[in-house]
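J.: The sequence shown begins at 1 in the UniProt record's numbering and counts up by one.
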Amino acid sequence: MSFLELTDVHKRYGPVAALAGVDLSVASGSRTAIVGPSGCGKTTLLRLIAGFEAPDRGRIVLDGEVLANGGAAVPAYRRGIGVVAQDGALFPHLSIADNIGFGMARGEDKRSERIVELAYIVGLDKAILKRRPHELSGGQQQRVALARAMAMKPRLMLLDEPFSALDTGLRASMRKAVAELLEAAGITTILVTHDQAEALSFASQVAVMRDGLFSQVGTPRELYLQPKDRMIAEFLGDAIILPAKIADGFASSPLGRIAVDTRERRDVARIMLRPEQVLLKRTSREGMSGTPEMLFGEVTESEFAGSMCTIAVRLLNSPDPPDAAAIGNTPLILRKPGMDTPVVGEIVRLTVSGKAHVFA
Ligand SMILES: Nc1ncnc2c1ncn2[C@@H]1O[C@H](COP(=O)(O)OP(=O)(O)OP(=O)(O)O)[C@@H](O)[C@H]1O
Numbered sequence: 001m002s003f004l005e006l007t008d009v010h011k012r013y014g015p016v017a018a019l020a021g022v023d024l025s026v027a028s029g030s031r032t033a034i035v036g037p038s039g040c041g042k043t044t045l046l047r048l049i050a051g052f053e054a055p056d057r058g059r060i061v062l063d064g065e066v067l068a069n070g071g072a073a074v075p076a077y078r079r080g081i082g083v084v085a086q087d088g089a090l091f092p093h094l095s096i097a098d099n100i101g102f103g104m105a106r107g108e109d110k111r112s113e114r115i116v117e118l119a120y121i122v123g124l125d126k127a128i129l130k131r132r133p134h135e136l137s138g139g140q141q142q143r144v145a146l147a148r149a150m151a152m153k154p155r156l157m158l159l160d161e162p163f164s165a166l167d168t169g170l171r172a173s174m175r176k177a178v179a180e181l182l183e184a185a186g187i188t189t190i191l192v193t194h195d196q197a198e199a200l201s202f203a204s205q206v207a208v209m210r211d212g213l214f215s216q217v218g219t220p221r222e223l224y225l226q227p228k229d230r231m232i233a234e235f236l237g238d239a240i241i242l243p244a245k246i247a248d249g250f251a252s253s254p255l256g257r258i259a260v261d262t263r264e265r266r267d268v269a270r271i272m273l274r275p276e277q278v279l280l281k282r283t284s285r286e287g288m289s290g291t292p293e294m295l296f297g298e299v300t301e302s303e304f305a306g307s308m309c310t311i312a313v314r315l316l317n318s319p320d321p322p323d324a325a326a327i328g329n330t331p332l333i334l335r336k337p338g339m340d341t342p343v344v345g346e347i348v349r350l351t352v353s354g355k356a357h358v359f360a
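Set out below in structure tokens:
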């Protein structure tokens, strides 16, 4: 049985259906990431789980306890749910120690020791406990917010874009530290993020939301490699989408014969590859002769961007695709390590590794 269960949850603001019948199961001790375009309902969902608002319809059950059933709802302060908002939302007039201690039960034993311990757990030096929030960096404030949420020993932790104010390096290290921290404490967590890489690396379950509904829920690997549709594919990373004729576990495509992830299909469909599945080897125009079964292309654009660079490759001898008009002369957009990126005009041999995913 799942730890948190949402069934047919609806929430409307005037004419806007922010949530249009959401179902979600979250396992105990797991980490779930919710991603989706701006305005799709992510924050509304967290607010309903936290108890800041009640659903119009539907049930929210946490560890067997009904938190909300339509408008009838357990108040937020009785839910045992920790919330860390995007801006940290610290109390500006309280010291860092009192901010952290705010989450503790009144008269809790060894309060000061526990505050120091929580500060240590989230990687804060105890020297800053006397300071006020405005004397801390954005990253430090986020850690205080997390320590405050952990101080109340929550059953469930809700993180609403908690890393978005941090720069790239700090963001990755904070994410890892927070994941380890919550894991060690056995706290079930839901993270809302705009960053697909963050969702895929942080969570054991990723839920993609669109127009107030989950369009796909699964493991990061399932969603990345077997997205249900083009929108989900492109939301979670770069995707090469091609027309293909499918039969017997293979696709005839503009990139030649490629193994696909289903043996059942026998039709014309769109297939998807992730750019890292297309491997390039430098060659020359002379190297193309006498090898009709191999696939070649010419680099038409190359954009340097540090560790990973973007290149465009125009296919030179593509087998006829099933609907040639759909691909036309569109180059493939690939990302390659910056140290060894082919330059414009170079001829490359292309091979595909792994299987392509067939869209329904
Ligand atoms: N209090 C409110 N009153 C009226 N409309 C609201 C209210 N809160 C949210 N909405 C609307 O509900 C929809 C969902 O909003 P929500 O904040 O949940 O989206 P989101 O996915 O979290 O967006 P973002 O990624 O931009 O934060 C939006 O159309 C929003 O304008």
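Just so you know, even glycine gets a beta-carbon here, dropped at the ideal spot from N, CA and C. This structure is a prediction, so every number in the text was calculated from the model and none was measured.
Over the uninterrupted alpha helix (DSSP H) stretch that includes Arg230, give me the two end residues.
T.: Per DSSP, Arg230 belongs to the alpha helix (DSSP H) from 230-235.
J.: Taking C-beta to C-beta, are Ser318 and Leu295 nearer than 8 angstroms?
T.: yes
J.: Is the Cβ-Cβ distance between Ile271 and Val344 less than 8 angstroms?
T.: Against a cut-off of 8 angstroms, the Cβ pair of Val344 and Ile271 comes out as no contact.
J.: Considering just the uninterrupted stretch of the beta strand (DSSP E) at Glu65, what are its terminal residues?
T.: For Glu65, the enclosing beta strand (DSSP E) starts and ends at 65-69.
J.: How would the residue list near ligand 3 read, in chain order, if you kept each one whose beta-carbon is closer than 5 angstroms to any heavy atom?
T.: Among the ligands modelled here, namely ligand 1, ligand 3 does not occur.
J.: Please classify Ala73: does DSSP put it in a helix, a strand, or coil?
T.: strand
J.: So Lys42 is in the alpha helix (DSSP H); what residue range does that whole segment cover?
T.: Note, Lys42: alpha helix (DSSP H), 42-50.
J.: Could you say if the region 145-155 and the region 74-91 meet the contact criterion of at least three C-beta pairs nearer than 8 angstroms?
T.: The region 145-155 and the region 74-91 touch, with no fewer than 3 CB-CB distances between them shorter than 8 angstroms.
J.: Around the C-beta of Ser253, are 16 or more other C-beta atoms found within 10 angstroms, so that it is buried, or is it exposed?
T.: buried
J.: Whose C-alpha, out of Leu316, Thr310, Pro275, is nearest the C-alpha of Thr291?
T.: Leu316
J.: Our contact map puts Val122 next to Leu158 with C-beta atoms below 8 angstroms; I'd like the distance itself, whole angstroms only.
T.: So it is not a contact: roughly 17 angstroms between Cβ atoms.
J.: Could you pull the DSSP bridge partners for Asp160 from this structure?
T.: Val192
J.: Can you list the alpha helix (DSSP H) stretches of 4 or more residues lying completely in the region 283-334, in chain order?
T.: 324-327
J.: Within a Cβ cutoff of 6 angstroms, which residues of the same chain sit near Arg57, ignoring the five residues on either side of it in sequence?
T.: His10, Gly70
J.: Between Ser353 and Thr188, how many whole angstroms is the CB-CB distance? I'm expecting something under 8 angstroms.
T.: Ser353 to Thr188, Cβ: 36 angstroms. No contact.
J.: Going by the DSSP bridge assignment, what does His93 pair with across the sheet?
T.: In the DSSP output, where bridge partners are listed per residue, His93 has none listed.
J.: If you measure between the beta carbons of Thr43 and Val192, is that distance less than 8 angstroms?
T.: yes
J.: Looking at Ala165: is its Cβ nearer than 8 angstroms to the Cβ of Ala147?
T.: For Ala165 and Ala147, no; Cβs fall outside 8 angstroms.
J.: Compute the Euclidean distance between the alpha carbons of Val116 and Glu303, then round it to the nearest angstrom.
T.: 48 angstroms
J.: Could you tell me the alpha carbon to alpha carbon distance between Gln142 and Pro227, rounded to whole angstroms?
T.: 32 angstroms
J.: Any idea if residue 363 is buried or exposed, counting beta-carbon neighbours within 10 angstroms, 16 or more meaning buried?
T.: In the structure displayed, the chain extends from 1 to 360; residue 363 sits before or after that span and is not available.
J.: So, using beta-carbon positions, are Ser173 and Arg131 closer together than 8 angstroms?
T.: Contact flag unset, no.
J.: Leaving out five residues on either side along the sequence, give the residues of the same chain with a beta carbon under 6 angstroms from the beta carbon of Lys126.
T.: Val116, Ala119
J.: What residues match up with Gln205 in a beta bridge as DSSP calls it?
T.: Looking at the DSSP output, Gln205 shares a beta bridge with Thr32.
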